[in-house]
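Here the structure comes first, spelled out in structure tokens, and everything after it is commentary.
Residue numbers (the numbering used here): 512 to 771.
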């Protein structure tokens, strides 16, 4: 299905039981809704599951690059929920999707019952504005990479399972370098702007046991500073833990959902 909004056109799918508790899955940079195929299969018997392609990804259109990506994405999903007459949902996000999920919980707290984060990082509190100095370096660094080499490195960096690497390389090549550059800068903007307060909703924070160390440390720190959070390490997984080890991730997710 498509949402045709003044902000852009967004592709989304709804699976599972109508009127059941709803969970929304938001993917990472240069990915699409298919990264959550295993979660759809695991949840559709008991939940209503929404997956979608972010702007610039998959079957969705670009949006105005002068707009905040995370805030605009949240507004688009709220439009989808309004169209479906869904008042409240659990929001789950992978990497960039975690940033969007946090924005949603902050901007529309009454529309978010709980949040789930996969390889994410807290954007509360904000970080120093000096981080903006990295933005020109992002363009330079990504620009130096030949496209095929960059997509392969992207996959190796984020995935552990061979099938996840193949998926990542394929979708990244379709999305392109310009989107990676733009959204990396947008994530830096989110970190500098931050959130006005910690998230109030229950949280599940997850990361793969072979995740990058700085993300591991950020997740642990986030959990330790949030009394409303649970922390789970997904074994045999890297950044895309839900796809590297879907069985273990789904077990953790289902256990959490029973508590909210």
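Virtual Cβ for every residue (Gly too), placed ideally from N, Cα, C. None of these values were measured; they are calculated from a predicted model.
Residues that DSSP places opposite residue i in a beta bridge
| i | result |
| --- | --- |
| residue 714 | 626, 740 |
| residue 563 | 523 |
| residue 719 | 745 |
| residue 602 | 535, 626 |
Rounded separation between residue i and residue j - CA only
| i | j | result |
| --- | --- | --- |
| residue 513 | residue 752 | 28 angstroms |
| residue 598 | residue 655 | 45 angstroms |
| residue 496 | residue 678 | Beyond the ends of the chain as shown, which are 512 and 771, falls residue 496; an answer cannot be given. |
| residue 554 | residue 647 | 42 angstroms |
| residue 558 | residue 617 | 24 angstroms |
| residue 713 | residue 754 | 23 angstroms |
| residue 542 | residue 762 | 23 angstroms |
| residue 715 | residue 730 | 10 angstroms |
| residue 665 | residue 659 | 10 angstroms |
| residue 572 | residue 709 | 32 angstroms |
| residue 703 | residue 697 | 10 angstroms |
| residue 635 | residue 741 | 17 angstroms |
| residue 657 | residue 681 | 15 angstroms |
| residue 600 | residue 685 | 30 angstroms |
Span of the alpha helix (DSSP H) around residue i
| i | result |
| --- | --- |
| residue 524 | Not the alpha helix (DSSP H): residue 524 falls in the beta strand (DSSP E), residues 519 to 527. |
| residue 541 | Per DSSP, residue 541 belongs to no alpha helix (DSSP H) and is neither H nor E. |
| residue 684 | 673 to 686 |
| residue 666 | 658 to 669 |
| residue 554 | 548 to 554 |
| residue 651 | 646 to 655 |
| residue 576 | Neither: residue 576 is in no alpha helix (DSSP H) and is coded neither H nor E. |
Element boundaries [beta strand (DSSP E), containing residue i]
| i | result |
| --- | --- |
| residue 533 | 533 to 537 |
| residue 515 | 513 to 516 |
| residue 638 | No beta strand (DSSP E) contains residue 638, which DSSP labels as neither H nor E. |
CB-CB length for residue i against residue j, believed under 8 angstroms
| i | j | result |
| --- | --- | --- |
| residue 525 | residue 595 | 7 angstroms |
| residue 587 | residue 518 | 6 angstroms |
Three or more C-beta pairs below 8 angstroms linking the segment 742 to 750 and the segment 666 to 683: yes
Inter-stretch contact (C-beta, 8 angstroms, three-pair minimum) for the segment 574 to 588 and the segment 712 to 728: no
Sufficient close CB pairs (3 or more, under 8 angstroms) joining the segment 687 to 694 to the segment 543 to 552: Of all C-beta pairs linking the segment 687 to 694 to the segment 543 to 552, fewer than three are shorter than 8 angstroms, placing the two stretches out of contact.
The segment 561 to 573 / the segment 627 to 642 touching (three or more Cβ pairs under 8 angstroms): no
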